[in-house]
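Residue numbers (this note's numbering): 12 to 410. These notes are about the structure you will find just below.
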Ligand SMILES: *Cc1c(COP(=O)(O)O)cnc(C)c1O
């Protein structure tokens, strides 16, 4: 076998192994806009319970029209990075709008939150410094930390005693920063930012939160986890996405003090060496933020839907991870049952995803529901009825 053939045949083998282990991820193909209801490529209509479309804005006509208007005004794209000729007024306006929304001084845009996290550490910290990171932080945070020379400290997920131990272990480092997802997408856990900020103050550390599952709907006016925990203005660096609640296309940002953002514009590699965000996305995101600043209606409806669903799914006899976040893990514990459950729900017209080891710990298999402001009560009742039927069929109800 030639060297090249050996390469392709080993890839084929590794792909086969993934399939045998049940770790291969097929992609569901939609034939419609994203929304509370979607059309599958197979023509089926499904109630969608697995999008990050928390505010229902992804397929909404107002978002689409704002994107079209921005395209008309600013064109399709820039064919440039920001610092050469890729910055338009719409990018500057969006950066200011995000900073105002989050309560920070300035914001820098990226093509994705993955890039924001990938490019935030290396320009700001070096081998004299320490990054103290929650064990379950998002992959992009982990990768960003890997690209930086700072010493790495990891604290057990959401464990404030361990965080304090790690802060003590990092005591001799020059600058220290605590990094956490604001809200964790697997369990709907909300980081204890009040306690984290108190520990940061005690040990002279900075704080950073990744708000991908929070911006636009957590806190009483939707500013995020820092508003939820009453620490507005006390978080040093906030990263987030435009690809979830805030419109759902793509794009990310880092927000914080002026000098942080200015340094990132000078040194952050995914910003310097990657194309500008499309004007359609910048314009539509701006329209979304203006709307969310005017009214909390969507955020309020999302939380009403979440409370309704959490109450009724428990009343049916399912076990959920307790909390208030629109991510609702419905615990089935057994991997095979979680897979059968999601497949049966699909037959009944409900799209949701099953998670099992190694994505979640062994014995913690589940289906994950994500609520949206776009879901109607009638749709949620249909989803609950499908849960009840599937739960009875598979014998997983407590009552
Ligand atoms: C989705 C997500 C990201 C990546 O966001 P993109 O804008 O899609 O790259 C980063 N961090 C967290 C916590 C996320 O959930």
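Don't be surprised by glycine CBs; every beta carbon is placed ideally from N, CA and C. Just so you know, these numbers come straight off a predicted model, no measurement behind them.
Assigned secondary structure, residue i (DSSP; H/G/I helix, E/B strand, else coil)
i: residue 280; result: helix
i: residue 266; result: strand
i: residue 162; result: strand
i: residue 459; result: Only positions 12 to 410 of the chain appear in the structure, and residue 459 is not among them; the question remains open.
i: residue 219; result: strand
i: residue 317; result: helix
i: residue 373; result: coil
i: residue 341; result: strand
i: residue 111; result: helix
i: residue 250; result: strand
i: residue 357; result: helix
i: residue 126; result: helix
i: residue 121; result: strand
i: residue 105; result: helix
i: residue 300; result: helix
i: residue 411; result: The first residue shown for the chain is 12 and the last is 410, placing residue 411 beyond what the model contains.
i: residue 41; result: strand
i: residue 407; result: coil
i: residue 14; result: helix
i: residue 99; result: coil
i: residue 392; result: helix
Status (buried if at least 16 other CB within 10 Å, exposed otherwise) for residue i
i: residue 60; result: buried
i: residue 373; result: exposed
i: residue 192; result: buried
i: residue 21; result: exposed
i: residue 418; result: The first residue shown for the chain is 12 and the last is 410, placing residue 418 beyond what the model contains.
i: residue 221; result: buried
i: residue 215; result: exposed
i: residue 201; result: buried
i: residue 306; result: exposed
i: residue 400; result: exposed
i: residue 63; result: buried
i: residue 83; result: exposed
i: residue 69; result: buried
i: residue 187; result: buried
i: residue 197; result: buried
i: residue 177; result: buried
i: residue 290; result: buried
Residue i CB to nearest heavy atom of ligand 1 below 6 Å
i: residue 264; result: no
i: residue 122; result: no
i: residue 96; result: no
i: residue 364; result: no
i: residue 320; result: no
i: residue 168; result: no
i: residue 252; result: yes
i: residue 13; result: no
i: residue 149; result: yes
i: residue 132; result: no
i: residue 223; result: yes
i: residue 344; result: no
i: residue 291; result: no
i: residue 287; result: no
i: residue 192; result: yes
i: residue 296; result: no
i: residue 228; result: no
Counterpart residues of residue i in DSSP-defined beta bridges
i: residue 60; result: For residue 60, which the question treats as bridged, DSSP gives no partner whatsoever.
i: residue 94; result: Paired residues: none, contrary to the question.
i: residue 23; result: In DSSP, residue 23 forms no bridge with anything.
i: residue 192; result: 221
i: residue 141; result: 162, 187
i: residue 379; result: 340, 364
i: residue 48; result: 58
i: residue 330; result: 342
i: residue 156; result: Residue 156 pairs with nothing; no bridge assigned.
i: residue 201; result: 194
Residue i beta carbon near ligand 2 (any heavy atom closer than 6 Å)
i: residue 218; result: The model depicted lacks ligand 2 and carries ligand 1 instead.
- Message: Is it the case that the segment 24-38 contacts the segment 229-238, given that we only count it when at least three CB pairs across the two stretches are under 8 Å?
- Response: no
- Query: How about the segment 250-266 and the segment 88-99: do they share at least three Cβ pairs that are nearer than 8 Å?
  - Reply: no
- Task: Evaluate the contact criterion for the segment 350-360 versus the segment 48-62: three or more CB pairs, one atom per stretch, below 8 Å.
- Result: yes
- Tell me, please, whether the segment 65-82 touches the segment 295-303 by the rule of three or more beta-carbon pairs shorter than 8 Å. yes
- Query: Is the segment 323-330 touching the segment 386-399, taking contact as three or more C-beta pairs under 8 Å?
  - Reply: yes
- Item | Any 3 or more C-beta pairs closer than 8 Å across the segment 172-182 and the segment 274-288 | no
- Three or more C-beta pairs closer than 8 Å, one from the segment 336-353 and one from the segment 308-321: is that the case here? yes
- Message: Check whether the segment 263-277 and the segment 109-117 touch, using three or more Cβ-Cβ pairs below 8 Å as the test.
- Response: yes
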